[in-house]
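J.:
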Amino acid sequence: KDMMGCFELAFYGWREGAAHEFFGPNNATDLWHVKKVNPQNMVHLTEKPVELAVRAMQFSSRTGENVLDLFGGSGSTLIAAQQTGRRAFLMELDPLYCDVIVQRWEQFTGEKSHRVAESDVPVAA
Numbered sequence: 156k157d158m159m160g161c162f163e164l165a166f167y168g169w170r171e172g173a174a175h176e177f178f179g180p181n182n183a184t185d186l187w188h189v190k191k192v193n194p195q196n197m198v199h200l201t202e203k204p205v206e207l208a209v210r211a212m213q214f215s216s217r218t219g220e221n222v223l224d225l226f227g228g229s230g231s232t233l234i235a236a237q238q239t240g241r242r243a244f245l246m247e248l249d250p251l252y253c254d255v256i257v258q259r260w261e262q263f264t265g266e267k268s269h270r271v272a273e274s275d276v277p278v279a280a
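Its first residue numbered 156, the sequence shown is counted upward by one per residue in this note's numbering.
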């Protein structure tokens, strides 16, 4: 590869016929210029800037609403949710990165996380 990639694709959508709302400005474009995470400071190979998740959340959800990230990675979505008053649900397959997400959240908030026993997690009927 002769050149470094300088863009990330993101998909935005909703089920055909379903209602949806957009909370961004009327002049929002589909190209966002966001400064990349300094490779020296990255805790994940494909770490995304928190600002990217913040913007996506502000454009597509309200304060207090839930956001879902099925590829938790370094926890950028969790930090963005904390910053914008959303409630985040993340999934990450790699236990190492689960620890990274928790440590990053603790460092950002100054709070201590606690593990919830599986038996205490409510299950939808």
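Where a beta carbon is used, it is the ideal one built from N, C-alpha and C, also for glycine.
1. In angstroms, rounded to a whole number, what distance separates the CA positions of ALA173 and SER216?
2. Rounded to whole angstroms, what's the CA-CA distance from ASP157 to SER229? Just pull it up for me.
3. How would you label ASP224, buried or exposed, when you count the other beta carbons within 10 angstroms and need 16 or more for buried?
4. Using a beta-carbon distance below 8 angstroms, is ILE234 in contact with chain D?
5. Looking at C-beta atoms only, is the number of pairs between the segment 201-220 and the segment 244-253 that lie closer than 8 angstroms three or more?
6. The ligand SAM heavy atoms versus the CB of ASP185: any closer than 7 angstroms?
7. Alpha carbon to alpha carbon, what distance is there between ARG210 and ILE234?
8. Helix, strand or coil, according to DSSP, for LEU251 in the structure here?
9. By alpha-carbon positions, which one of GLN237, ASP275, ALA243, ALA279 ends up nearest to GLN262?
10. If we ignore side chains and look at the alpha-carbon of each, how far apart do LEU200 and VAL192 end up?
T.: Put simply:
1. In the sequence shown, counting from the first residue as 1, residue 173 sits at position 18. In the sequence shown, counting from the first residue as 1, residue 216 sits at position 61. For ALA173 and SER216, the distance between alpha carbons rounds to 15 angstroms.
2. Taking the sequence shown and counting its residues from 1, the one referred to as residue 157 is at position 2. Taking the sequence shown and counting its residues from 1, the one referred to as residue 229 is at position 74. If you draw a straight line from the Cα of ASP157 to the Cα of SER229, it is about 28 angstroms long.
3. Taking the sequence shown and counting its residues from 1, the one referred to as residue 224 is at position 69. That one is buried.
4. This model lacks chain D altogether; it includes just one protein chain.
5. no
6. Because no ligand of any kind appears in the structure shown, any question about the ligand SAM cannot be addressed here.
7. Numbered from its first residue, the sequence shown carries residue 234 at position 79. Numbered from its first residue, the sequence shown carries residue 210 at position 55. Rounded to the nearest angstrom, the gap between the Cα atoms of ILE234 and ARG210 is 12 angstroms.
8. The residue labelled residue 251 in the question sits at position 96 within the sequence shown. Helix.
9. In the sequence shown, the residue the question calls residue 262 occupies position 107. Per the Cα distances, GLN237.
10. The count along the sequence shown starts at 1 and reaches residue 200 at position 45. The count along the sequence shown starts at 1 and reaches residue 192 at position 37. Their backbone Cα atoms lie some 11 angstroms apart in a straight line.
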